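Colleague: Per numbering that gives the first Met the number 0, the very first residue in the sequence shown carries number 0; after that it's consecutive.
Heads up, the beta-carbon is just placed ideally off N, CA and C, and yes, glycines get one too.
Predicted, not measured: the structure shown is a model, and the values here were computed from it.
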Amino acid sequence: MVICPSLLAANYAYFRREVERVSRSGAEWLHLDVMDGHFVPNISFGPDLVKTLRPYTRLFFDVHLMCTNPGPLIERVGQAGADQLTVPVELGHEKVLQLIWQIRTSNIKVGISVNPPTPVTLVEPYLEQVDNVLVMTVNPGFGGQEFIRETLPKIQKVRLWRDQRNLKFRIQVDGGINFETVKECAQAGADTFVSGTTLFKTRNMRAGVRKMREAALAAVAANKP
């Protein structure tokens, strides 16, 4: 189980300190949302922040490009230090194929994301080409939102496809992930959990990461026949 604190919930006045805090927490990944104010109604980070933070940690940089036109950013964010770039399936089939190729040729891991209103079947054509499927469990753009339980069947469907085809991609969830909702997502099939507010507002993040991972593992164990 991979725990992935989201920088969107960090104290923006102390980015370096917050990243170093994540490094000490036992989390494996750091999630960074790049928003353009068009695909989602918010603006967040860009390549320069990724580049600035990269020297201070060995964390896996998981970057979600929530942008209408992420193509021009791929090379810049990749060179800045991203380990994985995720693009929205909502951009359309031809564009997604082009973006996957562009990311692959940059020697970066590839992810595909699907928003709550979008049919999960739209990600199916890309399953053999990606390293990560991100099921958004809130409508993207802002942190601190309430978990949308209607997304759980999407996670279950993606897990079914993965099992049926013997594929190896990760199943990631992002949005409203706390010590309770992580259990539901883990039981549904998720193995990678983006959590912002819950982890960054926990005074002892290391204890929070451990608690979240243990909750996910226990939920999976309890769900086994």
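1. Just to confirm, are A26 and V49 a CB contact at a threshold of 8 Å?
2. Under 8 Å, do A8 and T196 count as touching if we go by C-beta distance?
3. Going by the CB atoms, is the gap between M0 and L216 shorter than 8 Å?
4. Would you mind sorting D162 into buried or exposed? The rule is 16 or more other CB atoms within 10 Å of its CB.
5. So, does the stretch 47-64 touch the stretch 204-222, judging by three or more C-beta pairs under 8 Å?
6. If you run the structure through DSSP and keep just helix, strand and coil, what is D82?
7. For L31, which residues of its own chain have a beta-carbon under 6 Å away from its beta-carbon, when the five flanking residues on both sides are left out?
8. Using the DSSP secondary-structure output, state which residues sit across from R169 in a beta bridge.
9. Which of helix, strand or coil does DSSP assign to C184?
10. By DSSP, does D190 sit in helix, in strand, or in coil?
11. Compute the Euclidean distance between the alpha carbons of A189 and L98, then round it to the nearest angstrom.
12. Ordered along the chain, which non-local residues of its own chain (more than five positions away) have a Cβ less than 7 Å from that of Q101?
13. Just the Cα atoms here: how many angstroms apart are F14 and P4?
14. Give me, in chain order, the residues of the same chain whose beta-carbon lies closer than 6 Å to that of V86; leave out the 5 immediate sequence neighbours on both sides.
15. What's the call for P46, buried or exposed, on a 16-neighbour Cβ count within 10 Å?
16. Can you give me the C-alpha to C-alpha distance between K94 and R209, rounded to a whole angstrom?
17. Between I170 and the ligand ZN, is there a pair consisting of the residue's CB and a ligand heavy atom that are separated by less than 7 Å?
18. According to the neighbour-count rule (16 or more other Cβ atoms, all chains shown, within 10 Å of its Cβ), is G175 buried or exposed?
19. Distance check for Q83 and N41, CA to CA, integer angstroms please.
20. What are the partner residues of P87, as DSSP defines its beta bridges?
Modeller: Checking against the coordinates, here is how it stands:
1. no
2. yes
3. yes
4. exposed
5. no
6. coil
7. L6, F44, V62
8. N131
9. helix
10. coil
11. 24 Å
12. G70, I73
13. 13 Å
14. L64, P69, L98
15. buried
16. 39 Å
17. Absent from the structure shown: the ligand ZN. Ligands present: none.
18. buried
19. 22 Å
20. S112
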